[in-house]
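These protein sequences, in sequence, are chains A, B, C and D.
So the first sequence is numbered by our numbering: it starts at 4 and just counts up by one.
So the second sequence is numbered by our numbering: it starts at 4 and just counts up by one.
So the third sequence is numbered by our numbering: it starts at 4 and just counts up by one.
So the fourth sequence is numbered by our numbering: it starts at 4 and just counts up by one.
Heads up, the beta-carbon is just placed ideally off N, CA and C, and yes, glycines get one too.
Note that the structure is a prediction, hence the values are computed from the model and not measured.
These notes concern the structure reproduced below.
4 protein chains.
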Amino acid sequence: MFKKKIVNDPIYGFITIPDGTIFKLIEHPWFQRLRRIQQLGVTHLVYPGAVHTRFHHTLGAMHLMHKAIETLRSKGIEITEKEEESVKIAILLHDIGHGPLSHNLEHSIVNNISHEDMSSIFMEKLNKELDGELSLAIRIFRNKYPKKFLHQLVSSQLDVDRLDYLTRDTFFTGVTEGVVGYDRIINMMNVAGGNLVVEAKGIYSIEKFIIARRIMYWQVYLHKTVLSAMELVINIINRAKEVAANDGELFCTPSLRVFIYNNFSKIDFEKSEELVHTFSMLDDHDIMSCIKVWMSHPDYILSTLSTWLINRRLYSARLQKEPFSEQKIKQLIKKAKIKYQLSDKDVSYFVFSGEVENAIYKIVEPQQSKTTTGRINILYPDGKVADITKASDYPGAGDLDRITRKYFLCSPKGL
Amino acid sequence: MFKKKIVNDPIYGFITIPDGTIFKLIEHPWFQRLRRIQQLGVTHLVYPGAVHTRFHHTLGAMHLMHKAIETLRSKGIEITEKEEESVKIAILLHDIGHGPLSHNLEHSIVNNISHEDMSSIFMEKLNKELDGELSLAIRIFRNKYPKKFLHQLVSSQLDVDRLDYLTRDTFFTGVTEGVVGYDRIINMMNVAGGNLVVEAKGIYSIEKFIIARRIMYWQVYLHKTVLSAMELVINIINRAKEVAANDGELFCTPSLRVFIYNNFSKIDFEKSEELVHTFSMLDDHDIMSCIKVWMSHPDYILSTLSTWLINRRLYSARLQKEPFSEQKIKQLIKKAKIKYQLSDKDVSYFVFSGEVENAIYKIVEPQQSKTTTGRINILYPDGKVADITKASDYPGAGDLDRITRKYFLCSPKGL
Amino acid sequence: MFKKKIVNDPIYGFITIPDGTIFKLIEHPWFQRLRRIQQLGVTHLVYPGAVHTRFHHTLGAMHLMHKAIETLRSKGIEITEKEEESVKIAILLHDIGHGPLSHNLEHSIVNNISHEDMSSIFMEKLNKELDGELSLAIRIFRNKYPKKFLHQLVSSQLDVDRLDYLTRDTFFTGVTEGVVGYDRIINMMNVAGGNLVVEAKGIYSIEKFIIARRIMYWQVYLHKTVLSAMELVINIINRAKEVAANDGELFCTPSLRVFIYNNFSKIDFEKSEELVHTFSMLDDHDIMSCIKVWMSHPDYILSTLSTWLINRRLYSARLQKEPFSEQKIKQLIKKAKIKYQLSDKDVSYFVFSGEVENAIYKIVEPQQSKTTTGRINILYPDGKVADITKASDYPGAGDLDRITRKYFLCSPKGL
Amino acid sequence: MFKKKIVNDPIYGFITIPDGTIFKLIEHPWFQRLRRIQQLGVTHLVYPGAVHTRFHHTLGAMHLMHKAIETLRSKGIEITEKEEESVKIAILLHDIGHGPLSHNLEHSIVNNISHEDMSSIFMEKLNKELDGELSLAIRIFRNKYPKKFLHQLVSSQLDVDRLDYLTRDTFFTGVTEGVVGYDRIINMMNVAGGNLVVEAKGIYSIEKFIIARRIMYWQVYLHKTVLSAMELVINIINRAKEVAANDGELFCTPSLRVFIYNNFSKIDFEKSEELVHTFSMLDDHDIMSCIKVWMSHPDYILSTLSTWLINRRLYSARLQKEPFSEQKIKQLIKKAKIKYQLSDKDVSYFVFSGEVENAIYKIVEPQQSKTTTGRINILYPDGKVADITKASDYPGAGDLDRITRKYFLCSPKGL
């Protein structure tokens, strides 16, 4: 009677953890490991409050899933106990495959495998361990289950993942403009034609949700100084791998060593239990403790970049709507080569440009997407359904799916 | 030493009230009267938390003004002590002319005088009372003072009035989507070319501010049930005036009687001290206590409408993008005439349509506006300034000044 | 499917209103009337945000009741559908008998009837109107139902009424120190021996709840300026009744007239349908609109006090732990008599002292109390139960039931 | 003009960073290092939101210092520009000497040196680096400056350190009961007889502050599961040191190695620049990444404890008011020795008891304390000053300085 598990959440107050498979999964070392992976990687170098973890985000998303299910049931949508547990498991494990610093190093530690694929691999192993208890959760996660709306709750333009991460990132960064009305949106959820929809009177909350997401992209996720920090940590890992490839010696934790000195493909992970285990031992601590040691590595580039990250002397970064002129870039490269005595090849660790893009609202046709369902559909009282870009009378609603692209240019501070 | 006046505010924590003229004004009966006028009139019939008053809003706006001045000064903009006091007085008194139920009855209790004109009249009288201490405040309020940005802080597309009312209305209604980053926006304020501008890195906060305002319009201020309540209270006052015009006897508080039995023009107020005083005795209590009595008035229409308001049996309201068909309206009118035995003239108290409009962001050219300055200008690091509709890369930014018009149709519930 | 009623609450987000009897009761004019009665009477003269109403408080308490029931059920406590509805009705109607300005005028408008008795009378009438649908709710309200814990949820030392009003008053006044962990407390609720208990690990939340309540008493409910405003409005009503008793003519709304010109007893209400109806037409607007008119009443005392209230020139009030000396009081009386030319009898409207008391935690033995159950019981994992004064190791816990008494002295400002 | 440094804080909104010495200090690697030290060590294993850092806390405390100075100046207390900067520096650096996991390992990584002593050492070095710019800050920090209240703002029973950490820990853990009215308290600060005092009308806020602190101690800081995690991490470090002392080989980051393989005294740090530098390279990442590696160390005890921490299989802990019986402890020890095959000496890593104590409010006489001033003094309008234990009429106020002692017993889960 005293055993009900409750976790304190600064945002939702309390999160209740159901008994059974879900509890077992949360206790699992692979899930506990998410406590050691920050949700937003190095973003806390710009927003010091942004130190929250994947662990907390995932519990939060499960909490919102619970509320969504309650709402849908109260509107007569049938969801069985097993479906409820499975869709909660699916959201709980959707990020289980994230590596150190979350998205920051998603393509650096291991190339060519997205965190979703990695999550899939982890789920399969867990399913074996738990004698198939996760089979339905996996079907839902992969959109192979007839009740499409369950998958859409996990992964779509308006899933509980997004509702939680926008809410949580806003809370911890202190960027209040990103607040979304998650409870209003959930209250307005419904199912029509088997798909998740939002009732028409929730339309302004959806508009708000879309704009809040856009703000979070430019104000936080793709903030120029955040970009600068992110690129710095990527460059450090890349340089370390280069040193390793040239038979250089590097201080590494044992698990990180495996990934610095080797390149693995998706198949390697599918084949090797041990490799999955080794990956599961990685977290932010490996990265940060090694980078600190690399501050005094004999490789000039590695030690310089590492020192910059640890002491927060980030690249000076510019972000603009037009590409930077070749000339401007060349000029900076020239200066950097002289000042830091760099080769043509190595200078790209110091001066580089790139682009980022953000589609506020991306219409994805079913065939293009494995896991994301592409629309936010609005349900009218007369039963008609329309895409938000049609339903909204916001100026520019028709253009919401336009992609905004920006260009950045990084170079050492004070160059 | 113990005398510093501090007021608790659930939003900002504490509001400090400066000594001197400002303190005297707040103590004045005309200002205290704002305690008895709800900020959003009858909106609390839909959002029960929306019971906050003009008094509190005005103090809040003064608080934000204080922060804005602090910010501008820290950026090297010169603002004298006297200017500081005066611009605070201007914002403090900008709503002093509001009548009962704020905007709801702005054109019913007294025709042809906006609350801004009324505020102006009140300010003149107060200035006389205080031997000219308000002269500079009045110049700023009327945009007659060379430092334009001071007026713009009081009244423009991005003044502290809006920053407070959006924040406050959001807080009290619980419509979290309307949250604006008032402190970020204020932090980004600056002055360029004598005008109030926002530094470029605040651009997303401005976009957010604009969209939040739009949401508050459709979700709260022009919510169909709020409209319905508002139209109901207007119709009650109109009917009462009609009864009075036909020599009918009506229970009225003495001050309300003056306005129910007479129609005054702006000139009347300018001429008569006594009329201004009588107006200053009016507040929400007069309206509501009389409407309650009118529930048993012999005039069928007056008693019916009054009963509906008091017992919250509001009109059934529809709101849509297209005008309602003549036929549909006629049909409803016909039904209402039969059911309630109404004349052709009187049926319009029961069935009526109308339109509302909202421009998210209204560019007002100087010559069109007495008190509002029409642009939100963005200041770039290189010193260039651009209007937000040009500066923003939000899809549809160019259309932000488009007006959205909607049509409503009200009729008795269950007709 | 679109019909589920949801009300926005700035504190809890959304409050869901169940269909059926509860919905009917909320629509009832008697319940709607609570919209026009402020929770804290004239407290907003000190805390301008404190303009929330009994209506909102009651909905909030019902919301917490819903959560409490959910928690208890999840711990295996059986609560039938009918019991759930009834206990929600009981909390919904527990304040239905409140008159204008809530507690401020509880013993002035009508003597000798507490608001609880009045609520009982209202419930009886409603029960008749609804053909006995409220019978169980009334039994619970009066503690006549065997499942004692249901009554205790409605009315005890730790009921949802207190949880909501502390939370709500804190929110609207901005006195953050009064925050209670309502969700933690509800999560820790359980039933032992048929009584409501709190599990031992919630003990610090209970201590906090008790201290928060104490803070709210001295910081808000019995704040010396709040007391001063409260006494002023009481004196105004008393003086008006005195004028009426001497055949004086007074402007009154029709309903208020009945109560100014007569004194009724509990029996009168029980006997007369009409009297109950008349009382149900009273609200804050009657009081405030009449007081405004009385500002120019020929009775010097009535007009003076009325003017003071409306223009917020409250008594100067002192509050201290010792009674004021006779001499000090006499001195003030003497001064007041001269300055305002008052008789020995009338001076008590201008200078008076009194006492207030607050027991942080009042142990009430069952025989002393009709509706309040006197203990907060703590349940230990081993099944033992102990009163909080025994369970807490807070210094002074054993004295928590001690009464603190303070003395106030009011006199005209600037006397 | 665009250069003003502003940091987002989820609690206070924005924190402004002054130019000059303060900005230089914040940019210093030693200060940046606080980003990598969590405020509450391993507490996040119980409260997942508690991942905030010393960096953020220190900035927050500086922000409150700014507000306190503003308040005091507005009350006529003279504080020079230099004093303002210095007292801000003192608070900024008061935690600079914290090691990994803050208090958790305060006496494990380095024995016999408190973090305050270490902060002092760091300050001296920084002062040399900055040519004496910190001299006044150090005098204030060490209470050697005549204006005692400046030191008291940094370190006393009611300093801005406590105001920030209670507020911040409450915010991030989600334990709302710990909320303190930091702005009200600061608003009520004053100086009397050269000492920091709180004006009498702030007395309830002080009571609340004291009780909130008590709640945070038992609900968070000394929560039995937090204790359990803390003891586990201490035992791991102790075991690692034991392994090292016996010439065992351990994976360590270079900086951690220095402290695992050696024991230093305060004098060592005072003498050796290099040792200070090495200490400054330590943070949470060293501890956590090494413990992960130690999960597969050949020493059975080290690997077991490490695995427990990483996978969050914490000791089962009990906490009670009476000491545990010798018999009960012996019984558990016996069981553990058998189950885990442990020697008499080693079993103490698995089963152990201890005590914790908390004085809600500790009166410290000047001679007992180097840095903490022992009283919260209340200032009455008549100029008298009294200690809070005398000033408060809260039951048990006189006992507020009583120490509460509790006993804990830890043993392996499922023993």
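For the beta strand (DSSP E) containing residue i, list its first residue and its last residue.
i, result
"M2 (chain C)", "Past the edges of chain C, shown from 4 to 418, lies residue 2 (chain C), and the structure says nothing about it."
"E202 (chain A)", "N198 to E202"
"A389 (chain C)", "V388 to D390"
Pull up the DSSP beta-bridge partners for residue i, would you.
i, result
"S319 (chain D)", "D:S414"
"A64 (chain D)", "A64 (chain D) pairs with nothing; no bridge assigned."
"T179 (chain A)", "Bridge partners of T179 (chain A): none, in fact."
"R408 (chain D)", "D:E360"
"L153 (chain A)", "Looking at the DSSP assignment, L153 (chain A) forms no beta bridge with any residue, so it has no partner."
Have a look at the options and flag the residue whose alpha-carbon is nearest the alpha-carbon of residue i.
i, options, result
"I214 (chain C)", "C:M233, C:L418 and C:D404", "C:D404"
"E86 (chain C)", "C:H69, C:K78 and C:H101", "C:H69"
"E358 (chain A)", "A:E132, A:R260, A:H226 and A:H288", "A:H226"
"Q42 (chain D)", "D:L308, D:D250 and D:G102", "D:G102"
"D385 (chain C)", "C:A203, C:N265, C:S351 and C:K324", "C:A203"
"H300 (chain A)", "A:A243, A:A93 and A:D164", "A:A243"
"D22 (chain C)", "C:V354, C:I9 and C:G16", "C:I9"
"V3 (chain B)", "B:M192, B:I336 and B:T307", "Limits of chain B in this structure are 4 at one end and 418 at the other, which puts residue 3 (chain B) out of reach."
Could you check what DSSP says for residue i in three-state terms: helix, strand or coil?
i, result
"L285 (chain C)", "coil"
"D12 (chain D)", "strand"
"K128 (chain B)", "helix"
"I20 (chain D)", "strand"
"R242 (chain D)", "helix"
"D402 (chain D)", "helix"
"V359 (chain A)", "strand"
"Q41 (chain C)", "strand"
"N107 (chain C)", "helix"
"L133 (chain B)", "coil"
"I351 (chain A)", "In the sequence as displayed, the identity of residue 351 (chain A) is Ser instead of Ile. Helix at S351 (chain A)."
"K147 (chain C)", "coil"
"I214 (chain A)", "helix"
"I99 (chain C)", "coil"
"L75 (chain B)", "helix"
"T83 (chain A)", "coil"
For a quick check, are the C-beta atoms of residue i and residue j less than 8 Å apart?
i, j, result
"G177 (chain B)", "E180 (chain A)", "no"
"V200 (chain D)", "V157 (chain D)", "no"
"D390 (chain C)", "K269 (chain C)", "no"
What residue does the alpha helix (DSSP H) around residue i start on, and which one ends it?
i, result
"L305 (chain A)", "Y303 to I313"
"L259 (chain A)", "P257 to I263"
"I270 (chain A)", "K269 to K274"
"L335 (chain A)", "E329 to Y343"
How would you list, in chain order, the residues of chain E whose beta-carbon sits under 9 Å from the beta-carbon of residue i?
i, result
"S159 (chain D)", "No chain E appears in this structure, whose protein chains are A, B, C and D."
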